[in-house]
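Okay, structure first, notes after.
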Amino acid sequence: MLNEPDAALSSETSYHGSEPTPDTDNKQVETFMEPAYKILIADDHPLFREAITSVISSGFEGSEIIETDDLDSALDVTRENDDLDLILLDLNMPGMHGLNGLITLRNEAPTIPVVIVSAEEDKQVVLQAITYGAVGFITKSSPRDQMTEAIEQILNGNVYLPSDIIRTGKESSSRRSRGDENPISPELLNSLTRRQLLVLERMSKGESNKQIAYNLNIAETTVKAHVSAILRKLGVHNRVQAILSASDVDFSQYLKR
């Protein structure tokens, strides 16, 4: 088993990325490339930070990565770096107090996308994180290629949800017994066209508009039009609400017609 780094970790912030070296040749300075993305990893486990740094470095070459290990230092970084493209946030690091830390961070930096990266696999926690402003939820048990795909979707402006959790309805028995779900009625589902049902089915699997367009062999603009129509017919305000409402739908019954 690997040993954790010996460097002190308390409220430590570290930066990764190439910086230009002093040189008298102005041409070298002029050709210095800006980082592809600027990403903050806020997690108190150094081995996980190392793992996710490796995922980003290999999947998004040239990105600048900043690391912190508690909420206070993450807030400091957001104040000093308003050009962050993404924040990867652990739910259980010092200062977080669960989803309260997410709310605090969203209030401090409302324009920076925040993704929860957590060992938590309770469906209701995933849903609450999205409700409180996260644009995605990545489980720490996700394979490397799935993490890369999730980060890519989010950087492209999409919401990412762990489809395995959303589909299976993995949640605590106490929450399940409360009946917090708001499923789509058969009447509303029957109001959708066959194509709209196919689009909604793929949305519920966590596919982006681009993936849906490819899989259904239609234009991405057509997918967007279908998504808008689906939201209107289902009476929901956004894509996430539609996905969550459709998570337990047996689409095969409605696609028979």
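Numbering (the numbering used here), first residue to last: 33 to 289.
Here a beta-carbon is modelled for each residue, glycine too, at the ideal position from N, C-alpha and C.
Reference residue i; option with closest CA among the options
i	options	result
Leu131	Ser150, Ile98, Glu96 and Val87	Ser150
Leu123	Arg227, Val146 and Leu221	Val146
Asp114	Tyr69, His258, Ser236 and Ser174	Tyr69
Thr254	Ala278, Glu233, Gly238 and Gln228	Gln228
Met186	Phe283, Leu118, Asn247 and Pro126	It should be pointed out that residue 186 corresponds to Ile in this sequence rather than to Met. Among Phe283, Leu118, Asn247 and Pro126, the Cα nearest to that of Ile186 is on Leu118.
Glu140	Thr171, Asp108 and Gln160	Asp108
Ser223	Glu252, Ala261, Leu72 and Ala257	Ala261
Phe283	Met235, Asn270 and Asn247	Met235
Met179	Leu220, Val281, Ile244 and Ser90	Ser90
Asn190	Ile71, Val272 and Leu79	Val272
Gln243	Tyr192, Glu152, Ser86 and His77	Tyr192
Val231	Val259, Pro215 and His129	Val259
Lys172	Asn249, Ala182 and Tyr164	Ala182
Leu220	Glu184, Asp280 and Leu266	Leu266
Asp280	Ser174, Gly165 and Ser195	Ser195
Asn188	Ile148, Asn241, Asp177 and Val157	Asn241
Ser174	Ile84, Ala161, Asp76 and Ala74	Ile84
Glu153	Gly165, His129, Phe169 and Tyr164	Phe169
His77	Ile162, Thr100 and Ser86	Thr100
Leu116	Val157, Thr163, His129 and Ala74	Ala74
Lys237	Asn249, Pro215 and Ala278	Ala278
Beta-ladder partner(s) of residue i, from DSSP
i	result
Ser173	In DSSP, Ser173 forms no bridge with anything.
Ala74	Thr100 and Leu121
Tyr192	Gly168
Residues of its chain near residue i, where Cβ-Cβ distance is below 7 Å and the 5 sequence neighbours each way are ignored
i	result
Gln285	none
Gly127	Asp102, Leu103, Asp104 and Gly133
Ala274	Leu232, Met235, Ile262, Leu263, Leu266 and Val268
Val308	Any question about residue 308 goes unanswered here, given that the chain covers just 33 to 289.
Ala161	Leu131, Leu134, Ile148 and Phe169
Arg81	Ile73, Asp75 and Glu99
Residue burial classification, residue i (beta-carbon count within 10 angstroms, cutoff 16)
i	result
Ile135	exposed
Glu239	buried
Ala106	buried
Pro142	exposed
Leu287	exposed
Ser217	exposed
Ala251	exposed
Leu276	buried
Leu159	buried
Val61	Only weak support exists for where Val61 lies, its pLDDT of 43 falling under 50; the value from the coordinates is given anyway. Val61 should be labelled exposed.
Gly211	The pLDDT assigned to Gly211 is 42, lower than 50, so where the model puts this residue is not dependable; a value taken from the coordinates is nonetheless given after this. Answer is exposed; the Cβ neighbour count stays below 16.
Glu112	exposed
Leu79	exposed
Pro52	Low confidence applies here, because Pro52 scores a pLDDT of 48, under 50, leaving its location unreliable; read the following figure in that light. So Pro52 counts as exposed.
Asp177	exposed
Arg226	exposed
CB contact check: residue i to chain D, cutoff 7 Å
i	result
Arg234	Of the protein chains in this structure there is only one, and it is not chain D.
Cβ neighbours of residue i in the same chain (closer than 8 Å, five flanking residues each side left out)
i	result
Asn247	Arg234 and Glu239
Ser205	Only weak support exists for where Ser205 lies, its pLDDT of 37 falling under 50; the coordinates are left without a value.
Leu137	Leu103, Ala106, Leu107, Thr110, Ile119, Leu121 and Val146
Ser95	Gly49, Pro67, Ala68, Tyr69, Lys70, Ile71, Ile88 and Ser89
Ala245	Ala251, Glu252, Thr254 and Val255
Asn270	Leu263
Along the chain, which unbroken stretches of the beta strand (DSSP E) at least 3 residues long are found entirely within the segment 118-170? 118-121 and 146-150
Could you pull out every unbroken alpha helix (DSSP H) segment of at least 4 residues lying fully inside the segment 225-252, listed in chain order? 226-236 and 241-248
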